[in-house]
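Have a look at the structure below, then the notes.
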Amino acid sequence: MSITQVRNLLPETFIQQSQQLLGDQMPAFLASYDAPRAYGLRFNPIKLPLLQWAGDQRFQALSSLFSLEPIEWCKTGFYYNEATRPGKHPYHAAGLYYIQEPSAMSAADALEAHPGETILDLAAAPGGKTTQIAGAMNNQGLLIANEIHPARAKILSENVERCGFRNTVVTCATPDQLSERFPIFFDRIMLDAPCSGEGMFRKDPDAIAEWSPAHVELCATRQADILVHAARMLKPGGRLVYSTCTFNRAENEDAIAAFLEAFPAFKLERTERLWPHQCRGEGHFVAVLTKSKDADASADAALSSSPRPRSKPKRNDRRAITRPGNGHANLTAEMALFESFAQEALPRLALGPGEPLRFGDALYWLPHDAEKRFGAFSLHGLKVVRPGLHLGDIRTKRIEPAHALAISVSEGEAARAVSYPADSPELAAFLRGEALQAPDGINGWTLIAVDSLPVGWAKASESQLKNHLPKGLRRLS
Ligand code: SAM
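Counting from 42, one number per residue, gives the positions in the sequence shown under our numbering.
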């Protein structure tokens, strides 16, 4: 495409706005629309700790299979060759990596999440930042991943499950519902804000069609609104990372400047911009803010009373959403069933601080925060998609272990595990949902793995491994 053709493709006001931002870099920016797209994936450190990469055969194999090249701004991120389709590899089903646009990997590391903290990802679907933050937390502490749109919240929840995180609660709430429930609560908050998506123009023509100056203005108003809630929920001394995949100043620098003016307890640590003509990625904006240690609670309370429109989800898909209410019910009998299963099948399992929760037949382990301010009572009345780790489903006098549990454990925690090579016919058959031949002498719940990475449960009996991979995850071809 020539630069003239690119100009004809893009909205005139967008071109003028970009010209003002970029000056003599504008031709290079326009030329980037004709450059090949970059594809990225990020390794999941709870599946493969960073320090073990060098000697790990699975990492070496993927490195050459997908032609991996490091992404300079993300220590777990790599470019891959699109033709190699990493989403189809069994290691993807095992949660070894998450596929993500490379420049979008710049924001979550700026949050500097640590194990044991209490963290909120306020606009989280489909889960790129959530899975990066959860990886840094190493399953310790509490991560609340929230998504306002129910259908997207379900996808977020599936990604949390596939990556095997135990400390993540997925909610489907508006920012004001959360800030009312969790004032001055989080050590760190990620706000990857809904935006006008100018960084999507290269890969999504619909993003161009939806763009208009009025839409930019609407997004900026919505971002200001959401930021108020984020400010209220952050503890003194806490860190807030704001990011967008758009280029205009209104949704980026101007949004941050207005926020700082309104909330002097916050300090801007730095901003970063990735441009598609300067890096291999679609572009991203990141602002890192900290809240003063001396910020007082009364100022935070005032934040909630500033006038703002209420955020509401557009769609009303309530599938897979639960409303906790019975968190305090006595679950001794259910936990006894689980413990008897765990003793037999997962004798080395340690769940970490938390409490059991039951929704219908499903039994969950709800993670607690370090300060014990969070529990089942905290979720009362909120829409919750995943209240922590799904342990299993209660049946008559037994428990059927959940797929999420299989993906969250390691081979070493299981009493019985059968691991197959990634390219073996047995593994392909398991992923299609077929039964397998059981190794001699094993009986009971058995973890099935690909090169030692769990992919699901099978139940061994009479020389057969009966397949318990959820139907929705089976691969037909
Ligand atoms: N952080 C995600 C990731 O890394 O995969 C991407 C988030 S996307 C940029 C922004 C999200 O904000 C969308 O999932 C969108 O549904 C959600 N959203 C839209 N309107 C919202 C609102 N008023 N309040 C909070 N979130 C909203």
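Ideal Cβ placement from N, Cα and C applies to all residues, glycine included. A quick note: this is a predicted structure, and the numbers were derived from the prediction, not measured.
Per DSSP, residue 504 lies in no beta strand (DSSP E) segment and is marked neither H nor E. Where residue 231 is concerned, the enclosing beta strand (DSSP E) starts and stops at 227–233. Placement of the Cβ of residue 273 at a distance of 7 Å or more from every heavy atom of ligand 1 is found. A distance below 8 Å separates the beta carbons of residue 232 and residue 281. At a cut-off of 7 Å, the beta-carbon of residue 267 counts as near ligand 1: some heavy atom of the ligand is closer than that. Residue environment: residue 419 is assigned as buried (16 or more neighbouring CB atoms within 10 Å of its CB, all protein chains considered). For the stretch 186–248, the continuous alpha helix (DSSP H) assignments of 4+ residues that do not extend past its boundaries occur at 191–203, 216–222, in sequence order. In terms of side-chain proximity, the C-beta atom of residue 188 is found nearer than 7 Å to a non-hydrogen atom of ligand 1. In the structure shown, residue 113 falls within a coil segment according to DSSP collapsed to helix, strand and coil.
In the three-state DSSP reduction, residue 401 falls in the coil class, being neither helix nor strand. Taking non-hydrogen atoms of ligand 1 into account, the C-beta of residue 286 is found less than 7 Å away from one of them. Beta bridge pairing from DSSP links residue 312 with 328. Of the heavy atoms belonging to ligand 1, none sits nearer than 7 Å to the Cβ of residue 150. The C-beta of residue 162 has 16 or more other C-beta atoms within 10 Å across all chains shown, which makes the residue buried. According to the DSSP assignment, residue 441 belongs to the beta strand (DSSP E) that extends over 439–442. The straight-line gap separating the alpha-carbon atoms of residue 287 and residue 257 is approximately 9 Å. Inside the stretch 55–96, DSSP marks whole beta strand (DSSP E) runs of 3 or more residues at positions 80–84, from first to last along the chain. The secondary-structure analysis by DSSP pairs residue 156 with nothing; it has no beta-bridge partner.
When DSSP states are grouped into helix, strand and coil, residue 472 belongs to the helix group.
With a 10 Å radius around the Cβ and a threshold of 16 neighbouring Cβ atoms, residue 57 comes out exposed. A straight line joining the alpha-carbon of residue 417 with that of residue 396 spans about 8 Å. Taking a cut-off of 8 Å for Cβ pairs, the stretch 196–207 and the stretch 105–114 do not touch, as fewer than three such pairs fall below it. Under the 10 Å beta carbon count, residue 487 is surrounded by 16 or more other beta carbons and is classified as buried. For residue 169, the Cβ falls inside the 7 Å cut-off from some heavy atom of ligand 1. Only exposed fits residue 44, as fewer than 16 other CB atoms lie within 10 angstroms of its CB.
Distances between the C-beta of residue 143 and the heavy atoms of ligand 1 are all 7 Å or more. Assigned with DSSP and collapsed to three states, residue 419 falls in helix.
Between residue 244 and residue 170, the alpha-carbon positions lie close to 20 Å from each other.
For residue 296, the uninterrupted alpha helix (DSSP H) run begins and ends at 294–303, by DSSP.
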